[in-house]
């Protein structure tokens, strides 16, 4: 399918281009041959995701992949599989997103044969053991009922933002499903789902690193043993632009409140404005980078929380990594602002602090749209991305996953990673500012927060009164003057546009 | 619950130090050069990773272990934050490093504070200038210090309040009486809240610990040895020595089992944490290395106990063993989440029986061989990028001050026998040495 030769980002950086001989050109594969690498990376893409979950069985795609990845095969029990993987210090895992399921693994070349047998059997010869099914289902339910609700609120607000924005579409439910829907999933459901979607015409085999001659054709041949199936495409999920401000408050006993805000955009990789918006977003809220505007205003200058970022592509589990996620291909995205938990770092009222931070972010967004970027900030952001994006493809597994994502987005040529630098070089400030105005706005917003005494928060939102904050130490007059503007930045919310739910109702049905 | 691939933890091996050392018998495939300055500063230059990239990793041999003063828990971590606040020469550290597009960050744990930048090698000198400058000349005003304390409290709120952050705090408090491992790296909440008032203390912290004898630079990547050595001598030679080691209280020997039940103020299945006091880290001591292997063979993902509890009988959601060993004697921990709250005792009994078995019986020869192979390949699998190579050195550098111990560690590992493992079990997996903490869900609040 797609053939990508060696183009590690770092080689581009060094101005070194090594193009190994093109030896594989096998349909239904994406390859990234790096003959000198001692590792072989696998990234098998099944064109199915949570958007394919049947109604009432939300979570089925994830549970199916989970069982394949952590269950027995017709050759080996699951504990035998673990025992065989153990001396290699290798493993394989899965990721299910809205539209994509991938199985990833990596092994040292000394162990390729033994490893590949296990990896292949996991996908092609699953045993569907009842015991394994009960185990992974119980783990999923524990995650849904406890870990997600009582683990990281900041990740939960992000999940809820997507659910709120994509209401009524196949993107609405989280990949792991709802408590009730997962309860209802049976082993027969899993078998049926596998039979329907794990078809040879629905799978792309990704291989990278130092694999031997002939390996690509062999692996593809093995996957071609699967039957062919007619699979109806899922219509694209499109989030509706909210009419004004639409707020979800989750009531929970907590001392700290995370906030997620966002709205739909019509931007995906390959769009003519993508690099312009990547630049604007980087300056505004680059993920976990302290130079960005949101971070500077909320964390660096005011010490209100641990970080503040924005996104033009979905970025699940952002707290675990500084690198962008891989294999989260989606046909539709949100523009999203993530404000990490706000707590009472000085005397005052937590709801007022929370709203102050929200207003600060909102006001910055408005200024970005109204004023655009300056020549100086544009150049700084471009220079940052030009270098920083070299980290995106730091390992063969990541480079391979990007190549798979290129196949998802239908990007030809040298692919996304290699197109970032030329894409940035070609930009002008005018283009970036035009793109900002085309894609961003600040009147309509989905907002999600998790906080104690949600009713009081609701009242504060409706009243729309200023929400000033205090500091532990002296602050310059200039800062205090800006604070007054932030504290009274208008956010108009109608009472009926605010929903409150309890934490134990979250993703229940 | 998106699943990632099993993390493979990386132990590195290297040939003994000389000027430029070729790889010899070991499996470490990279050259390196050791530089030691008169002021005690040490740097290891390792050629590894992709062309054009460098990972510049400064390892401070100070962590929450050094927080000996009452009320100052969490300070090493807080100080790590302050290191990004700039100097007189470069007040805008963030802006400069972001123009480089460097991936940069830092982290703190019991025994260490580690700062890193991953960038294109064209910035090597600029990075060295910046890093040496902030390590020597850090400057920040009190208001900035107070502001940053807010961010640290935010970090506390989003990590220490998770079930395992909460449990970790309780386990340490219960297991230790005097040693600073009694507190977590993020610190006690009251101490975190008092941080804004610790400005003067923070200045002393820098003076005591941020000294050339206490910091090791590991530079991995693509660079020129001679030119890099010249730069190191240029930028780091003026640094005044003066490291004052902390007087870390010695933990008295534990003489009776300890047990505690704690209530987590949220939803969780019961979590059982069984901890034995273990030895400190050592590359040469067969007993210490055997103890690490013991953790894997008895409680790891390929152990009989794991197969029974996790896979076959499905009594627990997970079972994990951390026998990683710290600089000082710390805890050997087994943690498991019990599915049926009525079966916590049954699971605890299974763990107890496993400990007894390993005290009495010799480990299966194949399991021992597979475990050594697992550790070896774990190391090899970690050698992919300049950053992963440098990070693989952290444990050795923090525990010993250099990477030479890597070689020794692997020699010792190869020599570990089934008898050594039984001996380790007899020495450490004892009831009088044990702290058991059960975390349960707090009763429903209205």
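Chains as they are written, first to last, in our numbering: chain A, 33 to 541; chain Z, 225 to 670.
In this text, a Cβ means the ideal position worked out from N, Cα and C, and glycines have one as well.
All of these numbers come straight from a predicted model, not from anything done at the bench.
Opposing strand residues paired with residue i [DSSP bridges]
i: residue 370 (chain A); result: A:292, A:341
i: residue 208 (chain Z); result: With chain Z running from 225 to 670 in the structure shown, residue 208 (chain Z) is simply not present.
i: residue 58 (chain A); result: Looking at the DSSP assignment, residue 58 (chain A) forms no beta bridge with any residue, so it has no partner.
i: residue 77 (chain A); result: A:134, A:236
i: residue 472 (chain Z); result: The partner list for residue 472 (chain Z) (beta bridge, DSSP) is empty, contrary to what the question assumes.
i: residue 439 (chain Z); result: Z:284
i: residue 246 (chain A); result: Residue 246 (chain A) is not bridged to any residue.
i: residue 322 (chain Z); result: Per DSSP, none; premise fails for residue 322 (chain Z).
Through-space distance from residue j to residue i, alpha-carbon basis
i: residue 356 (chain A); j: residue 345 (chain A); result: 9 angstroms
i: residue 443 (chain A); j: residue 118 (chain A); result: 38 angstroms
i: residue 513 (chain Z); j: residue 467 (chain A); result: 58 angstroms
i: residue 244 (chain A); j: residue 253 (chain A); result: 15 angstroms
i: residue 497 (chain A); j: residue 519 (chain A); result: 9 angstroms
i: residue 636 (chain Z); j: residue 516 (chain Z); result: 12 angstroms
i: residue 499 (chain Z); j: residue 558 (chain Z); result: 6 angstroms
i: residue 186 (chain Z); j: residue 550 (chain Z); result: Residue 186 (chain Z) lies beyond the stretch modelled for chain Z, which goes from 225 to 670, so this question has no answer here.
i: residue 464 (chain A); j: residue 298 (chain A); result: 16 angstroms
i: residue 411 (chain Z); j: residue 237 (chain A); result: 47 angstroms
i: residue 652 (chain Z); j: residue 580 (chain Z); result: 11 angstroms
i: residue 487 (chain Z); j: residue 147 (chain A); result: 43 angstroms
i: residue 662 (chain Z); j: residue 184 (chain A); result: 21 angstroms
i: residue 5 (chain A); j: residue 521 (chain A); result: Because chain A spans 33 through 541 in this model, residue 5 (chain A) falls outside it and cannot be assessed.
i: residue 397 (chain A); j: residue 311 (chain A); result: 14 angstroms
Sequence-distant residues of the same chain with beta carbon closer than 6 angstroms to residue i, five excluded per side
i: residue 520 (chain Z); result: 595
i: residue 516 (chain A); result: none
i: residue 225 (chain A); result: 92, 96
i: residue 479 (chain A); result: 279, 293
i: residue 281 (chain A); result: 481, 486, 489, 532
i: residue 289 (chain Z); result: 334, 335, 404
i: residue 217 (chain Z); result: There is no way to answer for residue 217 (chain Z), as the model of chain Z reaches only from 225 to 670.
i: residue 658 (chain Z); result: 481, 500
8 angstroms Cβ cutoff, residue i in contact with chain A
i: residue 597 (chain Z); result: yes
i: residue 324 (chain Z); result: yes
i: residue 329 (chain Z); result: yes
i: residue 491 (chain Z); result: yes
i: residue 565 (chain Z); result: no
i: residue 501 (chain Z); result: no
i: residue 298 (chain Z); result: no
i: residue 205 (chain Z); result: This structure cannot settle anything about residue 205 (chain Z), because the visible part of chain Z is limited to 225 through 670.
i: residue 226 (chain Z); result: A caution first: residue 226 (chain Z) carries a pLDDT of 45, below 50, which makes its placement in the model too unreliable to give a value.
i: residue 516 (chain Z); result: no
Residue-level contact to chain Z via CB, residue i, 8 angstroms cutoff
i: residue 363 (chain A); result: no
i: residue 460 (chain A); result: no
i: residue 192 (chain A); result: no
i: residue 485 (chain A); result: no
i: residue 530 (chain A); result: no
i: residue 447 (chain A); result: no
i: residue 170 (chain A); result: yes
i: residue 96 (chain A); result: no
i: residue 119 (chain A); result: yes
Sequence-distant residues of its chain with Cβ nearer than 7 angstroms to residue i (five each side left out)
i: residue 335 (chain A); result: 377
i: residue 711 (chain Z); result: Outside the displayed span of chain Z (225 to 670) sits residue 711 (chain Z), for which this structure offers no information.
i: residue 396 (chain Z); result: 405, 406, 407, 408
i: residue 470 (chain A); result: 305
i: residue 353 (chain Z); result: 459
Chain D within 8 angstroms of residue i, Cβ atoms only
i: residue 204 (chain A); result: Going by chain labels, chain D is absent from the structure shown, which instead holds the protein chains A and Z.
Same chain, Cβ closer than 8 angstroms to residue i, neighbours up to 5 away in sequence not counted
i: residue 262 (chain Z); result: 461
Residue i beta carbon near the ligand NAD (any heavy atom closer than 7 angstroms)
i: residue 411 (chain Z); result: In terms of ligand content, the structure shown is empty, and the ligand NAD therefore cannot be addressed.
Open item on the list: Whether or not the segment 96-114 of chain A and the segment 148-165 of chain A are in contact is what I'm after, with contact meaning three or more pairs of Cβ atoms, one per stretch, closer than 8 angstroms; do they touch?
Closed with: Here the segment 148-165 of chain A makes contact with the segment 96-114 of chain A; the two share three or more CB pairs at distances below 8 angstroms.
- [ ] Determine contact between the segment 163-174 of chain A and the segment 521-538 of chain A, defined as no fewer than three beta-carbon pairs at a distance below 8 angstroms.
- [x] The segment 163-174 of chain A, when compared against the segment 521-538 of chain A, does not touch it at the 8 angstroms Cβ threshold.
Task: At least three beta-carbon pairs within less than 8 angstroms, the segment 358-376 of chain A to the segment 358-369 of chain Z - done: Judged by Cβ distances under 8 angstroms, the segment 358-376 of chain A makes no contact with the segment 358-369 of chain Z, as fewer than three pairs qualify.
TODO: Pair every Cβ in the segment 451-465 of chain Z with every Cβ in the segment 615-630 of chain Z, then say whether three or more of these pairs are closer than 8 angstroms.
DONE: Contact between the segment 451-465 of chain Z and the segment 615-630 of chain Z is absent, because fewer than three Cβ pairs lie under 8 angstroms.
Task: Contact between the segment 194-211 of chain A and the segment 261-274 of chain A (3+ Cβ pairs under 8 angstroms) - done: Touching, per the Cβ criterion.
- [ ] Evaluate the contact criterion for the segment 413-426 of chain A versus the segment 366-383 of chain A: three or more CB pairs, one atom per stretch, below 8 angstroms.
- [x] Result no; under three Cβ-Cβ pairs closer than 8 angstroms.
- [ ] Report yes or no: do three or more beta-carbon pairs, one from the segment 464-477 of chain Z and one from the segment 312-322 of chain Z, lie closer than 8 angstroms?
- [x] Counting C-beta pairs closer than 8 angstroms gives fewer than three between the segment 464-477 of chain Z and the segment 312-322 of chain Z, which falls short of the contact rule.
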